[in-house]
Amino acid sequence: MLKVNNINVSYGAIHAIHDLSLEVNDGEIVTLIGANGAGKTSTLRAISGLTPIKSGEIIYNDKVISTLGAHKIVAHGLSQVPEGRRIFGDQTVEENLLLGAYLRKNKSEIKESMEEVFNSFPRIMERRKQLAGTLSGGEQQMLAIGRALMAKPKLLLLDEPSMGLAPIIVEEIFEIIKKIRNSGTTILLVEQNANAALQIADRGYVLETGSVVIEGLAKNLLNDDSVRRAYLGE
Numbered sequence: 001m002l003k004v005n006n007i008n009v010s011y012g013a014i015h016a017i018h019d020l021s022l023e024v025n026d027g028e029i030v031t032l033i034g035a036n037g038a039g040k041t042s043t044l045r046a047i048s049g050l051t052p053i054k055s056g057e058i059i060y061n062d063k064v065i066s067t068l069g070a071h072k073i074v075a076h077g078l079s080q081v082p083e084g085r086r087i088f089g090d091q092t093v094e095e096n097l098l099l100g101a102y103l104r105k106n107k108s109e110i111k112e113s114m115e116e117v118f119n120s121f122p123r124i125m126e127r128r129k130q131l132a133g134t135l136s137g138g139e140q141q142m143l144a145i146g147r148a149l150m151a152k153p154k155l156l157l158l159d160e161p162s163m164g165l166a167p168i169i170v171e172e173i174f175e176i177i178k179k180i181r182n183s184g185t186t187i188l189l190v191e192q193n194a195n196a197a198l199q200i201a202d203r204g205y206v207l208e209t210g211s212v213v214i215e216g217l218a219k220n221l222l223n224d225d226s227v228r229r230a231y232l233g234e
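In terms of full-length UniProt numbering, the sequence shown opens at residue 1 and continues consecutively.
Written out as structure tokens, the structure is:
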């Protein structure tokens, strides 16, 4: 479904991503783990078209998308939930969700998608008329995921969905991620909680200073001594 081939990303003189390659197959949860500054968010931003790449290519469903603008990439069926949620606090829950469907034209299908989101997230359904800025952190994360799902993506990019959340809410968010995959959406997950991410993923890539240093099945990475020492607190 997604192939990232030897991409390089720079911010001025800072070379953030070095010849990075990865692959995501249809129906998988693939996770990127690594320390702060390893290049995880930059990789997602490059895939979704928010940060231009200097070289290499990104192929999604057999089409090169690394030359497309971000809005065109969304139209191809790829959505990102950004780090820090980035909901619109002065708009209602419903208005935030409708923004996720801005490229869609069929009003009845948009309404149907909103009901699907509310079925998945009953807590935000109860707050559908509330300003999004009044929601708790966990509810805002659910709203950010729901907004991305309103675009009907085939591939969902999730950037640090557990950041700043209480442990019990983190468990709930990861259960939601599994349900999204089970409903037919492929997921590329960036997560500092490496243990939680590897528990639900099929495969993983470990990034250090903008490069992939280890890759493999998630269950193998969970049992890799170097990964356990560096990222699992053992």
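Every residue, glycine too, gets a C-beta built ideally from N, C-alpha and C.
Same chain, Cβ closer than 8 angstroms to residue i, neighbours up to 5 away in sequence not counted
i	result
Gly100	Ser79, Gly146, Arg147, Ala148, Leu149, Met150 and Ala151
Leu155	Met1, Leu2, Val24, Tyr60, Gly77, Leu78, Ser79, Thr185, Thr186, Ile187 and Leu188
Thr92	Arg128, Lys129, Gln130, Leu131 and Ala132
Cβ-Cβ separation, residue j to residue i (assumed contact under 8 angstroms), whole Å
i	j	result
Glu23	Lys3	5 angstroms
Met142	Arg123	7 angstroms
Ala70	Gly84	That belief does not hold up - the Cβ atoms of Ala70 and Gly84 are roughly 17 angstroms apart, past 8 angstroms.
Ile200	Ile29	6 angstroms
Lys179	Ser113	Between Ser113 and Lys179 the Cβ distance is about 16 angstroms, and since that is not below 8 angstroms, they are no contact.
Ala144	Arg86	7 angstroms
Spatial distance of residue i from residue j (CA atoms)
i	j	result
Ala196	Asp224	15 angstroms
Ile173	Val74	23 angstroms
Thr31	Glu126	31 angstroms
Ile53	Ile47	9 angstroms
Ser21	Arg228	23 angstroms
Ala7	Glu215	Just to set this straight, residue 7 is Ile in the shown sequence, not Ala. Those two C-alpha atoms are separated by around 17 angstroms.
Leu217	Tyr102	36 angstroms
Tyr11	Ile17	10 angstroms
Ile58	Leu157	14 angstroms
Lys219	Ile177	18 angstroms
Gly210	Leu198	20 angstroms
Sequence-distant residues of its chain with Cβ nearer than 7 angstroms to residue i (five each side left out)
i	result
Gly34	Lys40, Val206, Leu207 and Glu208
Pro82	Asp159
Asn25	Met1
Val9	Ala16, Ile17, Ser42, Ala46, Thr51, Ile53 and Lys54
Arg181	Ile29 and Ile187
Identity of the residue in the options nearest residue i by Cα
i	options	result
Pro153	Lys219, Gln91 and Lys72	Lys72
Phe88	Gln140, Val227, Leu221 and Ile214	Gln140
Asn96	Leu103, Lys219 and Ala132	Ala132
His15	Glu109, Gly37 and Asp26	Gly37
Leu221	Gly210, Val212, Arg203 and Ser211	Arg203
Asp90	Leu135, Glu171 and Leu198	Leu135
Val212	Asp19, Glu94 and Val9	Asp19
Glu116	Gln130, Val64 and Glu94	Glu94
Lys63	Gln130, Glu109, Ser108 and Asn5	Asn5
Val190	Leu44, Ser66 and Ala13	Leu44
Bounding residues of the alpha helix (DSSP H) (the contiguous stretch that carries residue i)
i	result
Asp159	Here Asp159 belongs to no alpha helix (DSSP H); instead the beta strand (DSSP E) covers Leu155 to Asp159.
Glu94	Val93 to Gly100
Leu135	It is not in any alpha helix (DSSP H) - Leu135 carries neither H nor E in the DSSP assignment.
Glu28	No alpha helix (DSSP H) holds Glu28; DSSP gives it neither H nor E.
Ser66	Counting along the chain, Ser66 falls outside any alpha helix (DSSP H), and DSSP gives it neither H nor E.
Ser79	Counting along the chain, Ser79 falls outside any alpha helix (DSSP H), though it belongs to the beta strand (DSSP E) covering Leu78 to Val81.
Ile180	Pro167 to Asn182
Residue i: first and last residue of the uninterrupted beta strand (DSSP E) it sits in
i	result
Leu207	Arg203 to Glu208
Glu126	Segment: none, Glu126 is in no beta strand (DSSP E) and carries neither H nor E.
Lys5	Note that residue 5 is Asn in the sequence shown, not Lys. Asn5 -> beta strand (DSSP E) spans Leu2 to Tyr11.
Cβ shell of residue i (< 6 angstroms), same chain only, five flanking positions each side left out
i	result
Asn193	Ser162
Gly231	What sits at residue 231 in the sequence shown is Tyr, not Gly. Only Ile33 and Ala194 meet the Cβ criterion.
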